[in-house]
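S.K.: Going line by line, the protein sequences match chains A and B.
The numbering of the first sequence is the working numbering, which starts it at 1 and goes up by one.
The numbering of the second sequence is the working numbering, which starts it at 391 and goes up by one.
Starting off with a structure, shown below.
Protein chains: 2
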Amino acid sequence: MNSFVFQMPTKVYFGEGQITHLPVPDELKQLGTKVLLVYGGGSIKKSGLYQKITTLMEQAGIEFAELSGVDPNPRLASVEAGATLCKKENVDVVLAVGGGSVIDCAKAIAAASQYDGKAWDLISGKEQVIKALPVVTVLTLAATGSEMDNCSVITNTETKEKVGLLNSVLVPKVSFLDPTLTYSVSKFQTASGSADILSHVLEVYFNMNRDLEMLDREMEGLMKTVVKFAPIALEKPDDYEARANLMWAASWAINGFINGGKVQMWSCHPMEHELSAFYDIAHGLGLAILTPRWMEYVLDETTAPKFYDYGVNVFGMDPTLPVMEAAKQSIERTEEFLFDKLGLPRTLTEIGIDGTNLERMAEKACGNGVIPAFRPLGKEDILTIYKMCL
Amino acid sequence: MNSFVFQMPTKVYFGEGQITHLPVPDELKQLGTKVLLVYGGGSIKKSGLYQKITTLMEQAGIEFAELSGVDPNPRLASVEAGATLCKKENVDVVLAVGGGSVIDCAKAIAAASQYDGKAWDLISGKEQVIKALPVVTVLTLAATGSEMDNCSVITNTETKEKVGLLNSVLVPKVSFLDPTLTYSVSKFQTASGSADILSHVLEVYFNMNRDLEMLDREMEGLMKTVVKFAPIALEKPDDYEARANLMWAASWAINGFINGGKVQMWSCHPMEHELSAFYDIAHGLGLAILTPRWMEYVLDETTAPKFYDYGVNVFGMDPTLPVMEAAKQSIERTEEFLFDKLGLPRTLTEIGIDGTNLERMAEKACGNGVIPAFRPLGKEDILTIYKMCL
């Protein structure tokens, strides 16, 4: 079993009303006097959240600059603009108000603002991130888990590269998680976000290393939570219990808890990053389409026992089923969840993606080598899986 | 649903060899230059751990004083002696090497050393703990979870009081968890420790507040882990996987993760604290004897659904069973685990405790009022449960 170091530095305020009554300004003041407020396309203005937070800051005498218009699949251009603003305005702390894209962008800004060269040097890994401004988040979407994790995924639209930057200095210092802020999330975004949460757990769960089995049981608990509550949130968008469970599950799916010393074996994420880099689709949707096909592709006699556990412990399938039969049914149950219960499109064709770029995407997904995953995936494997998704 | 603030400040080094190769001195140096080394009855000398750690500190030029002889159910006298030493030697950081008793004692020392009055003022809650020296732990027993929690339980042998002090300043800064250090733990201590872990989860799980159901699923995962791996550790004391699972489950059972905003409803712990205060028995053993009797006492039509979940999701019982039938069987399965699989004594009588002090203990357990638990417990309730344990 591999050893590991565990540290979970984010302070989380969880629950309804954590924004209005809340020590947002107090927490900001602990970290500095000048804030960069980062947000997306204006939904926080419609919902009134922008007004609430800026009023709180003004009342507390906190100065702030603003960067708005951060896109889903956040772009290098936003990072560069934010970093320039931070330098110009002597910003001390970056406040992200939004979903994973806004938070990812804020993290990259926090790092790029402390670096003299080009932001892409850091994001692409050419240069090492040494330091970053502290990041505080107010979350409006349960999905990426960026509110407690060390990761920022940024898209370079020129080179069609979508790259994940991982560094412990990027972990948010404080995150505010108020489930009521997700009531207004659309059905589609709720469904995509839930597929993303499920995928974060699956990427760690499907691992040939079975060490520290406790974590498998904990992962199953997270997946059961998503499978139960995502359809409820779709049905009734203001169901507090459903939104709260999804929100907290999203954070724990990727905040480091479930990792232990398990070697990370991510498969669907690298394949999906090419999809959203080339076609700018919702990340969770790409994962939903890929996941069952990837499962079918990697299922064999050696991997079946893990699928059996998944089926029995997450979907409550009959434990007396033969292992391979249970494994196959677990994939059907996954499809049923993603496509029937969440109502997401089942194929790339349905969302207007054809075979044109698949070969190039497959090459890029594995960096012309092999993704060292649950089942190692080379270019031909990935191309086959993409084609199965058409 | 209640809101809550989540923060988990302990840095954990987990895995084999974390002690020998380890940055114990590096981490200590971050916190100060003078250490108080706290340990128990000398088992760490027999095992060679004392020699390893003191050598590492000497090589790193770290000065240290020592407090040894901390008892199971650690006593006020040890806390006072440690606090005096800290003041006299200008100690900066307290290093606990041992199980929960040693760590609990170190935490109380850390607080008492920063207070001018009597240590018992702080422990009894007469005075508020404002600050404490940083605590670092090297854990040798999977049980209390003190290595990541905010609690210190201290016994006043004069007044026969056993009191829990809770304060966020007591949470250890760094903890070293090497499962191989628990290979030498006796069968009895392994069994008692496992009963303690299970009880920590049960105390939160049996709650009429069903909010944030995700946490119930996570608790079930922790309990399944204990139920599976404790018997393996008893059978094969040097089974790394079993010891690692028990060790990490012990930490997560009480480090705050499973709480969310659930109102704490502890029942068996307050009853047990009187048992070990009066008779100095192993805490986990007291919990094991009490738990199934408490379950029988509180089971009725309204509480049965929670027992049903417990039986189905932890022991894998048939979900088609009638709720009350499943509830009763879940208690039988708990007994089977504690007494048949762990081999712990089943009654107070077997360990030489008779009815003499039960009435006084029952009074003290509820402070002559009511324990506001899953089922509120007054003196007569507690006395009945104690008698059921004879």
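Cβ atoms here follow ideal geometry from the backbone N, Cα and C, with glycine treated the same way.
Within a Cβ cutoff of 7 Å, which residues of the same chain sit near residue 743 of chain B, ignoring the five residues on either side of it in sequence?
M.R.: If we look at residue 743 of chain B and ignore the five residues flanking it on each side, its Cβ neighbours are 669.
S.K.: Can you give the Cα-Cα distance for residue 758 of chain B and residue 768 of chain B, rounded to whole angstroms?
M.R.: Each residue's alpha carbon lies about 8 Å from the other.
S.K.: In chain B, which residues lie with their C-beta within 8 Å of the C-beta of residue 15 of chain A?
M.R.: In chain order: 391, 392, 393, 394, 651.
S.K.: Does the region 39 to 57 of chain A come close enough to the region 107 to 122 of chain A that 3 or more CB-CB pairs lie under 8 Å?
M.R.: At 8 Å Cβ cutoff, the stretches do not touch.
S.K.: For a minimum of 4 consecutive residues, which ranges assigned as the alpha helix (DSSP H) are wholly contained in the region 711 to 735 of chain B?
M.R.: Counting only runs of 4 or more, we get 713 to 725.
S.K.: Could you check whether the Cβ of residue 447 of chain B sits closer than 8 Å to any Cβ belonging to chain A?
M.R.: Chain A contact via Cβ: absent.
S.K.: Could you name each continuous beta strand (DSSP E) segment of 3 residues or more that falls completely within the region 547 to 577 of chain B, going from the start of the chain to the end?
M.R.: DSSP runs (the beta strand (DSSP E)) wholly in the region 547 to 577 of chain B: 551 to 556, 564 to 567.
S.K.: Less than 8 Å separating the beta-carbons of residue 76 of chain A and residue 154 of chain A?
M.R.: In contact: residue 76 of chain A and residue 154 of chain A (Cβ atoms closer than 8 Å).
S.K.: How would you label residue 322 of chain A, buried or exposed, when you count the other beta carbons within 10 angstroms and need 16 or more for buried?
M.R.: So residue 322 of chain A ends up on the exposed side.
S.K.: Does the structure place the region 222 to 235 of chain A close enough to the region 166 to 180 of chain A that three or more beta carbon pairs sit under 8 Å?
M.R.: No, they do not touch.
S.K.: Give me the residue from B:622, B:647, B:550 with the minimum Cα distance to residue 591 of chain B.
M.R.: Checking every option, the nearest Cα to that of residue 591 of chain B belongs to B:647.
S.K.: According to DSSP, is residue 652 of chain B part of a helix, a strand, or is it coil?
M.R.: In the structure shown, residue 652 of chain B sits in coil (DSSP, three-state: anything other than H, G, I, E or B).
S.K.: Is the shortest distance between the beta-carbon of residue 294 of chain A and the beta-carbons of chain B less than 8 Å?
M.R.: Output row for residue 294 of chain A: interface = no.
S.K.: Across the region 236 to 252 of chain A and the region 329 to 340 of chain A, are there enough close Cβ pairs to call them in contact, namely three or more that are closer than 8 Å?
M.R.: Cβ pair count under 8 Å is below three, so no.
S.K.: Does the distance from the C-beta atom of residue 561 of chain B to that of residue 523 of chain B stay below 8 Å?
M.R.: No; because the gap between Cβ atoms is not below 8 Å, this pair is not in contact.
S.K.: Three-state secondary structure (DSSP) at residue 82 of chain A?
M.R.: Looking at residue 82 of chain A - three-state DSSP - the assignment turns out to be helix.
S.K.: Just to confirm, are residue 556 of chain B and residue 499 of chain B a CB contact at a threshold of 8 Å?
M.R.: No. Outside cutoff.
S.K.: Starting from the beta carbon of residue 639 of chain B, find every residue of chain A whose beta carbon is closer than 7 Å, and list them in chain order.
M.R.: What residue 639 of chain B touches in chain A: 214.
S.K.: Helix, strand or coil, according to DSSP, for residue 360 of chain A in the structure here?
M.R.: If DSSP states are grouped into helix, strand and coil, residue 360 of chain A belongs with the helices.
S.K.: Just to check my reading of the structure: residue 672 of chain B and residue 462 of chain B have Cβ atoms closer than 8 Å, yes? What is that Cβ distance to the nearest angstrom?
M.R.: Correct: roughly 7 Å between the Cβ atoms.
S.K.: Output needed for residue 146 of chain A: all residues of its chain with C-beta closer than 6 Å, excluding positions within five of it in sequence on either side, in chain order.
M.R.: Only 100, 103, 104 meet the Cβ criterion.
S.K.: Using 8 Å as the limit for Cβ to Cβ distance, is residue 240 of chain A near chain B?
M.R.: With 8 Å as the cut-off, residue 240 of chain A counts as an interface residue toward chain B.
S.K.: Going along chain A in order, which residues have a C-beta closer than 7 Å to the C-beta of residue 398 of chain B?
M.R.: Going along chain A in sequence order, the residues near residue 398 of chain B (Cβ under 7 Å) are 8.
S.K.: For the beta strand (DSSP E) containing residue 95 of chain A, list its first residue and its last residue.
M.R.: Residues 93 to 98.
S.K.: Using beta-carbon positions only, say whether residue 687 of chain B and residue 761 of chain B come within less than 8 Å of one another.
M.R.: Going by C-beta atoms, residue 687 of chain B is not nearer than 8 Å to residue 761 of chain B.
S.K.: What did DSSP end up calling residue 18 of chain A once you bin it into helix, strand or coil?
M.R.: It is coil, neither helix nor strand.
S.K.: Helix, strand or coil, according to DSSP, for residue 626 of chain B in the structure here?
M.R.: Coil at residue 626 of chain B, not helix or strand.
S.K.: Nearest chain B C-beta to residue 425 of chain A closer than 8 Å, yes or no?
M.R.: Past the edges of chain A, shown from 1 to 390, lies residue 425 of chain A, and the structure says nothing about it.
S.K.: Which residues does DSSP pair with residue 137 of chain A in a beta bridge?
M.R.: BP columns for residue 137 of chain A point to A:96, A:175.
S.K.: Can you list, in chain order, the residues of its chain with a C-beta nearer than 7 Å to that of residue 81 of chain A? Leave out the 5 residues immediately preceding and following it.
M.R.: So the qualifying residues of the chain are 67.
S.K.: Distance check for residue 419 of chain B and residue 428 of chain B, CA to CA, integer angstroms please.
M.R.: If you take the alpha carbons of residue 428 of chain B and residue 419 of chain B, they lie about 17 Å apart.
S.K.: Tell me which residues share the same chain as residue 554 of chain B and place their Cβ nearer than 6 Å to its Cβ, disregarding the 5 neighbours each side in the sequence.
M.R.: Around residue 554 of chain B: 541, 543.
S.K.: Count the other CB atoms within 10 Å of the CB of residue 186 of chain A; is the residue buried (16 or more) or exposed (fewer)?
M.R.: Exposed.
S.K.: Mark residue 599 of chain B as exposed unless 16 or more other C-beta atoms lie within 10 angstroms of its C-beta, in which case mark it buried.
M.R.: The residue in question, residue 599 of chain B, is exposed, as its Cβ has fewer than 16 Cβ neighbours within 10 Å.
S.K.: Nearest CA to the CA of residue 32 of chain A: which residue from A:250, A:361, A:136, A:247?
M.R.: Of the listed residues, the one whose Cα sits closest to residue 32 of chain A is A:136.
S.K.: Within 10 angstroms of its Cβ, does residue 130 of chain A collect 16 or more other Cβ (buried), or is it exposed?
M.R.: Exposed is the call here.
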